[in-house]
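Trainee:
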Amino acid sequence: MTDVNRRQHLDRLYALLKVLENRLGGTRKLKDCTGYMDWPDRGVYFFLEPGERRDSTDQLRVTRVGTHAVSAGSSTTLWNRLKQHYGTGSNSTNHPHGGNHRGSVYRKRVGEAIIEKHDLQEDYPNWGDRWSGIDRDRAEVRDEEYPLERRVSAYIREQPFLWIEIEDEPGPDSDRALIEQNAIALLSNFEDQTIDSRRNDWLGKHSRSREIRESGLWNVNHVEQTHDAHFLDVLAEAIDEMPRR
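By UniProt numbering, the letter at position 171 of the sequence shown is numbered 171, and the numbering carries on one by one without gaps.
(1) Apply the 10 Å Cβ neighbour rule to ALA174 and answer buried if 16 or more other Cβ atoms are within range, or exposed otherwise.
(2) To which residues of the same chain is GLY103 closer than 6 Å at the C-beta, ignoring the five residues directly before and after it?
(3) Can you list, in chain order, the residues of its chain with a C-beta nearer than 7 Å to that of ALA177? Leave out the 5 residues immediately preceding and following it.
(4) How would you label GLY204, buried or exposed, when you count the other beta carbons within 10 angstroms and need 16 or more for buried?
(5) Fully enclosed by the stretch 190-230, which alpha helix (DSSP H) runs are 4 residues long or longer?
(6) Which residues does DSSP pair with LYS29 in a beta bridge?
(7) Rounded C-beta distance between LEU24 and LEU162? I'm assuming under 8 Å.
(8) Measuring CB to CB, does ALA154 end up less than 8 Å from HIS9?
(9) Between the alpha carbons of GLU180 and ILE166, how many angstroms are there, rounded?
(10) Rounded to whole angstroms, what's the CA-CA distance from LEU13 to TYR124? Just pull it up for me.
(11) Comparing alpha-carbon positions, which option in ASP129, LEU48, PHE190 and ASN5 lies nearest GLU21?
(12) Span of the alpha helix (DSSP H) holding GLU21?
(13) Would you mind working out which of LEU82, LYS18, THR34 and LYS29 sits nearest ASP58, comparing C-alpha positions?
(14) Using the beta-carbon count (16 or more within 10 Å), is GLY99 buried or exposed?
(15) Going along the chain, which residues of its own chain have a beta-carbon closer than 8 Å to the beta-carbon of residue 246, five neighbours each way excluded?
(16) Please report the distance separating the alpha-carbon of HIS118 from that of GLU149.
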């Protein structure tokens with residue numbers, strides 16, 4: 001894959017995302033979303049970031065790609081996954097506007113970067129640990145981590161995002177998995193020429209993960225792969241089939 005081809009494919013991806021944005025009637029932010037909105041059962045989402053723009057245009061840069069239900073038999077819906085990233089609401093009786101980063105890798109990675117940027121390691125010693133590896137009272141840990149969960153919520157809920165409806169069956173060979181994996185591979189600068197450079201103050205540059213720092217995405221999986229441009233045709237067809245909202 002030449003750099004020229006990758007640039008051309010990136011240009012086409014972003015052109016398709018612009019068509020998708022028009023089809024959706026604009027981007028959304030999680031802070032404005034609820035489960036009562038007209039969400040498809042299944043889809044792929046693209047998070048953008050304010051202030052992060054492409055080198056060649058003023059279009060916001062994609063900073064995370066995700067989907068759900070890629071294991072056979074999974075019943076997770078698109079909103080279920082987005083709600084995990086959103087966290088808890090204002091009506092939560094315990095830790096409002098917080099969240100559970102152990103249920104959302106996106107939240108976990110953002111929190112890690114905040115810890116590294118502000119030298120908060122001593123304040124949040126268990127942030128990267130699974131519950132099975134923590135020999136402490138869970139309620140105590142949740143209380144301790146609540147301020148950071150709120151910061152993560154505030155950050156993620158301000159990220160504009162788009163989604164594409166793809167109602168295929170759950171499984172690793174689904175069109176959703178194809179689009180997610182290849183979009184990440186195309187967008188990633190990991191061990192590749194830098195295209196659409198990241199700002200020096202992009203939070204992801206403080207990540208503990210080399211894959212995040214160098215790819216410019218809040219993704220770790222698939223950032224080292226080479227994309228198959230066929231996914232762009234699959235994405236274009238899916239956008240063309242979506243109803244206007």
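For each residue, glycine too, the CB sits at the ideal point set by N, CA and C.
Mentor: In terms of the structure at hand:
(1) Here residue 174 corresponds to residue number 174 of the sequence shown, with the count starting at 1. The residue you asked about is not Ala; residue 174 is Ser in the sequence shown. Buried, since its Cβ has 16 or more Cβ neighbours within 10 Å.
(2) Taking the sequence shown and counting its residues from 1, one reaches residue 103 at position 103. GLN84.
(3) Locating residue 177 in the sequence shown gives position 177, where the first residue counts as 1. Taken in chain order, the residues that qualify are THR67 and VAL70.
(4) The residue labelled residue 204 in the question sits at position 204 within the sequence shown. GLY204 comes out buried.
(5) 210-215
(6) Position 29 of the sequence shown, counted from the start, is the residue given in the question as residue 29. PRO160.
(7) Numbered from its first residue, the sequence shown carries residue 24 at position 24. Numbered from its first residue, the sequence shown carries residue 162 at position 162. Yes, they are in contact, since the Cβ atoms of LEU24 and LEU162 sit about 6 Å apart, within 8 Å.
(8) Indexing the sequence shown from 1 puts residue 154 at position 154. Indexing the sequence shown from 1 puts residue 9 at position 9. No; because the gap between Cβ atoms is not below 8 Å, this pair is not in contact.
(9) Within the sequence shown, residue 180 is the residue found at index 180, counting from 1. Within the sequence shown, residue 166 is the residue found at index 166, counting from 1. For GLU180 and ILE166, the distance between alpha carbons rounds to 12 Å.
(10) Translated into the one-based positions of the sequence shown, residue 13 becomes position 13. Translated into the one-based positions of the sequence shown, residue 124 becomes position 124. Their backbone Cα atoms lie some 38 Å apart in a straight line.
(11) Looking up residue 21 in the sequence shown gives position 21. Nearest of ASP129, LEU48, PHE190 and ASN5 to GLU21, Cα basis: LEU48.
(12) Numbered from its first residue, the sequence shown carries residue 21 at position 21. That run of the alpha helix (DSSP H) goes 3-24.
(13) Within the sequence shown, residue 58 is the residue found at index 58, counting from 1. The candidate whose alpha carbon is nearest that of ASP58 is LYS18.
(14) For the purposes of this step, residue 99 is identified with residue 99 of the sequence shown, where counting begins at 1. So GLY99 ends up on the buried side.
(15) With the chain running from 1 to 245 in the structure shown, residue 246 is simply not present.
(16) As a working note, residue 118 is residue 118 in the sequence shown. As a working note, residue 149 is residue 149 in the sequence shown. Distance between the alpha carbons of HIS118 and GLU149: 15 Å.
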